[in-house]
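K.L.:
The structure is given below, and queries will be raised subsequently.
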Amino acid sequence: MTVDLATIFLIAIGLSMDAFAVSIASGFAMGRLRLRGILRIALFFGSFQALMPVIGFFIGMSIRDYIEDFDHWVAFGLLLFVGARMIHESLSPKARDEKMDTESLPTLVLLAVATSIDALAVGLSLSLLKVNVFFPAAIIGITAFVLSSFGVVIGRQSGRVLGSKVEIIGGIILIGIGLKILWDHMVV
258 MTVDLATIFL
268 IAIGLSMDAF
278 AVSIASGFAM
288 GRLRLRGILR
298 IALFFGSFQA
308 LMPVIGFFIG
318 MSIRDYIEDF
328 DHWVAFGLLL
338 FVGARMIHES
348 LSPKARDEKM
358 DTESLPTLVL
368 LAVATSIDAL
378 AVGLSLSLLK
388 VNVFFPAAII
398 GITAFVLSSF
408 GVVIGRQSGR
418 VLGSKVEIIG
428 GIILIGIGLK
438 ILWDHMVV
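Numbering follows our numbering, with no gaps: position 142 of the sequence shown is 399.
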């Protein structure tokens with residue numbers, strides 16, 4: 258199965274919403290907005306968003322033969338789970354008043370891993386669909402980098418107003434893509 262560029266781009270946007278939301282919070286927490294700080298956050302988020310689908314892909318390759326007959330249901334289920342979780346988390350109360358140390362390497366790594374776990378599941382889905390992961394992973398990483406850069410700037414400018422709304426949009430996009438995968442397998 259092939260996945261068209263528009264779908265890859267929508268997946269990238271959906272996956273980047275967590276990183277975008279955390280970037281907004283990071284921008285809000287920054288004492289002073291500096292290019293070095295923006296690029297550092299964006300590089301961490303973009304790199305992890307690109308790496309995790311590749312890891313998920315190779316995990317999926319090892320189990321693909323066992324679940325080939327119902328792989329489209331697994332892909333749908335994973336994307337539904339990830340999307341629903343993003344929506345749920347965006348609607349639940351969080352400790353939004355805590356300032357995070359965006360200059361700390363351990364904090365950046367922790368945030369980058371936390372915001373890219375969803376990309377691991379997408380990589381697994383791509384392996385089940387027999388889609389080469391490297392091009393989508395690059396698009397996902399670049400998209401996360403760009404959106405994270407903008408997120409830091411927006412966060413510094415507007416505070417925490419947009420955070421949960423972008424996670425809801427990302428969740429809806431991922432659920433929609435899962436439905437499209439299921440539809441494509443059921444109709445074809």
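We put the beta carbon where it would ideally sit given N, CA and C, even for glycine.
Would residue 430 be called buried (16 or more neighbouring beta carbons within 10 Å of its own) or exposed?
P.N.:
Per the 10 Å Cβ criterion, buried.
K.L.:
Just to confirm, are residue 432 and residue 337 a CB contact at a threshold of 8 Å?
P.N.:
Yes, the Cβ-Cβ distance between residue 432 and residue 337 is below 8 Å.
K.L.:
From the DSSP output, in three-state form, read off residue 261 for me.
P.N.:
DSSP places residue 261 in coil when its eight states are reduced to three.
K.L.:
List the whole-angstrom C-beta distance separating residue 380 from residue 313, where the pair is believed to meet the contact cut-off of C-beta under 8 Å.
P.N.:
Residue 380 to residue 313, Cβ: 3 Å. Contact.
K.L.:
If you drop the 5 nearest sequence neighbours on each side, which residues of the same chain put their C-beta closer than 6 Å to that of residue 295?
P.N.:
So the qualifying residues of the chain are 406, 409.
K.L.:
Indicate whether the contact test is met: 3 or more Cβ pairs, each with one atom in the region 297-304 and one in the region 385-403, closer than 8 Å.
P.N.:
Counting Cβ pairs under 8 Å, three or more are found: they touch.
K.L.:
I'd like to know whether the C-beta atoms of residue 374 and residue 428 end up nearer to each other than 8 Å.
P.N.:
In this structure, residue 428 does not lie closer than 8 Å to residue 374 by Cβ.
K.L.:
With DSSP collapsed to three states, give me the class of residue 287.
P.N.:
Residue state, collapsed to three classes: coil.
K.L.:
With residue 226 and residue 273 assumed to form a contact (beta carbons below 8 Å), what rounded beta-carbon distance in angstroms separates them?
P.N.:
The first residue shown for the chain is 258 and the last is 445, placing residue 226 beyond what the model contains.
K.L.:
Thinking C-beta only, is residue 260 closer than 8 Å to residue 363?
P.N.:
No, the pair does not count as a contact, with Cβ atoms beyond the cut-off.
K.L.:
When the Cα atoms are used, what is the spatial distance from residue 281 to residue 386?
P.N.:
For residue 281 and residue 386, the distance between alpha carbons rounds to 33 Å.
K.L.:
What three-state label does DSSP hand residue 370 in the structure shown?
P.N.:
The answer is helix: DSSP assigns residue 370 an H, G or I state.
K.L.:
Rounding to the nearest angstrom, what Cα-Cα distance links residue 443 and residue 326 in this structure?
P.N.:
The straight-line gap from Cα to Cα measures roughly 12 Å.
K.L.:
Please list the terminal residues of the continuous alpha helix (DSSP H) segment that includes residue 392.
P.N.:
Run containing residue 392: 391-415, per the alpha helix (DSSP H) assignment.
K.L.:
Under 6 Å Cβ to Cβ from residue 275, same chain only, skipping five residues before and after it: list those, please.
P.N.:
Cβ within range, chain order: 372.
K.L.:
For residue 382, verify whether its CB is less than 7 Å away from any heavy atom of the ligand HEM.
P.N.:
Ligands in the displayed structure: none, and consequently the ligand HEM is not present.
K.L.:
If you draw a straight line from the C-alpha of residue 422 to the C-alpha of residue 287, how long is it?
P.N.:
Roughly 21 Å between the two C-alpha positions.
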